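Under this note's numbering, the first residue of the sequence shown carries the number 1052, and numbering increases by one thereafter. All residues carry an ideal CB built from backbone N, CA and C; glycine is no exception. Being a predicted model, the structure only gives us computed values, none of them experimental.
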Amino acid sequence: MATKKTPEPAAKSAKPTKPKAVGAAKSASPPAPRRTEPAKPFLRFYHSADLRKKTLAVLALIEGAPDATAHRGALADIAIELMKSGFDGYFLAPLKKAKAGFLIEQSANVGLMGAQQVIGSVTRNIIGRMDAPQLLSVCGSIRAFMV
């Protein structure tokens, strides 16, 4: 006849186990340090993929050029295009979205065109007088805005 096997009690370990503390689980990485100050506020506008590509190409051209001053005009052109895109993103597009009306939109368009011409002229004069380190600084600032 077959005999029934009774399960044997599990062997006790020689070392008693300590109960785990609640919340004592270790994470793979230490917690991120807390900021002492809140992040600085910022505004952002989205520009076209083509303008981004063009901007990055001009920045790379200036940053890699032996004489960055040879590309002042290209940097001024990009700065002006970015300005126009920003005016559109911050002002004209919200105006259209608000359905302010054709006359108001046209008035805003004409006003901004005048402002862009003045700002564009000043921008060209300023960038046109910059030396290489100043141009590289402007490129760095533009890159920082593009994050």
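TODO: Please list, in chain order, all residues of the same chain as I1155 whose beta carbon is under 8 Å from its beta carbon, the five residues on each side excluded.
DONE: Answer for I1155: L1146, listed in chain order.
Task: Where L1146 falls: helix, strand or coil (DSSP) - done: The three-state reading of DSSP puts L1146 in helix, counting H, G and I together.
TODO: Output yes or no for whether 7 Å exceeds the beta carbon distance between G1140 and F1096.
DONE: Yes. Within cutoff.
- [ ] Specify the secondary structure class of F1096 as computed by DSSP and reduced to three states.
- [x] Three-state DSSP puts F1096 in coil, outside helix and strand.
Open item on the list: Are the CB atoms of L1163 and F1138 within a distance shorter than 7 Å?
Closed with: Closer than 7 Å, so yes.
- [ ] For K1135, I'd like the list of residues in its chain whose CB is within less than 8 Å of its CB, leaving aside the five on either flank, ordered along the chain.
- [x] Cβ neighbours of K1135 within its own chain (closer than 8 Å, five residues either side excluded): Q1167.
Open item on the list: To the nearest angstrom, how far is the alpha carbon of R1194 from that of P1092?
Closed with: Rounded to the nearest angstrom, the gap between the Cα atoms of R1194 and P1092 is 18 Å.
Task: Span of the alpha helix (DSSP H) around K1135 - done: Start and end: R1123 to F1138.
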